[in-house]
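Working notes for the structure below.
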Amino acid sequence: MTNQLLNKNQLNVDNVSTFNLDEYVGLTASHPQSYHYYMDDMLFKQYPYFNRKNIHIPNGDADDLNAEASTYNDVLEQQGQRDIQILGIGENGHIGFNEPGTPFDSVTHIVDLTESTIKANSRYFENEDDVPKQAISMGLANILQAKRIILLAFGEKKRAAITHLLNQEISVDVPATLLHKHPNVEIYLDDEACPKNVAKIHVDEMD
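The opening position of the sequence shown corresponds to residue 1 in the UniProt record's numbering, with each subsequent residue numbered one higher.
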């Protein structure tokens, strides 16, 4: 529906601001595996109605990465509470690039990616050695500031992480469990990602 409205220019996005969760360190905006490139290719070039000054993506190729993280966090704080935060989930339960052990009060920061994350993301690169070893990511505290959170997970490899999210007590070992503290979270799964003990409601059956 959103695509149809955008294609017909019936959805006014003049005052919409977007904030990407994260970006790989060391990739330029033109690199095919950067999130700058992905967002341009999949959204902003196809629907050129967005105001470019309202598009915010961390610069993973900045000379001073800590300063970039701090600046990005300042812009987030100036924006105030975001309406919607869309998340995926890593096989180890990370959200954004907040790996296991990330403090719950973390804000935008530089992340050392775990071996499991590097391996999981190697499918997008020619080989595992090409996968960046660091990223800039919103912190967990930033994520929880949104009014509404939507988490999407697809594929059997995400089932274990979803199982931990649904059944485990809040723990830094599984960052996604922090979502239990948020009052407005929706989770959308395909059959492969859905734990077997979870009742399934298909989207086309929802009001």
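Every residue, glycine too, gets a C-beta built ideally from N, C-alpha and C.
Here the structure is a predicted model, which means the values were calculated and not measured.
In this structure, the alpha-carbon of Leu144 lies about 33 Å from that of Asp129. DSSP assignment within the segment 146-197 yields the following whole alpha helix (DSSP H) runs of 4 residues or more, N-terminal first: 159-167. The DSSP-derived three-state label of Asn98 is strand. Cα atoms of Arg82 and His164: separation of roughly 26 Å, rounded to the nearest angstrom.
The closest CA to that of His56, considering only Ala29, Ile95, Asp191, is found on Ala29. Judged by beta-carbon spacing, Gly90 lies within the 8 Å limit of Ala161, meaning their Cβ atoms are closer than that value. When beta bridges are read from the DSSP output, Phe19 appears opposite His56. Remark: C-beta atoms of Gly60 and Tyr37 do not approach each other more closely than 8 Å.
Our two residues, Ala67 and Pro58, have alpha carbons roughly 11 Å apart in a direct line. Look at the segment 70-130 and you find these whole runs of beta strand (DSSP E), each 3 residues long or longer: 84-87, 109-112.
The Cβ-Cβ distance between Leu27 and Gly88 does not fall below 8 Å. DSSP places Tyr49 in the coil class of the three-state scheme, outside both helix and strand. Between the segment 37-48 and the segment 96-108 there are fewer than three C-beta pairs closer than 8 Å, too few to call the two in contact. Shown here, Ala141 sits in a helix according to DSSP, grouped into three states. The closest CA to that of Cys194, considering only Val185, Lys119, Glu156, is found on Glu156. For Thr117 and Asn92, the gap between their C-alpha atoms comes out near 8 Å. Between Phe19 and the set Ala62, Ile84, Val198, Arg159, the nearest pair of CA atoms involves Ile84. Taking each of Ile150, Met39, Asp112, Asp190 in turn and checking the Cα distance to Ala176, the smallest one comes out for Ile150. For His36, the uninterrupted alpha helix (DSSP H) segment begins and ends at 35-39. A straight line joining the alpha-carbon of Arg123 with that of Leu140 spans about 26 Å.
The beta-bridge partner set that DSSP reports for Ala135 consists of Tyr24, Val111.
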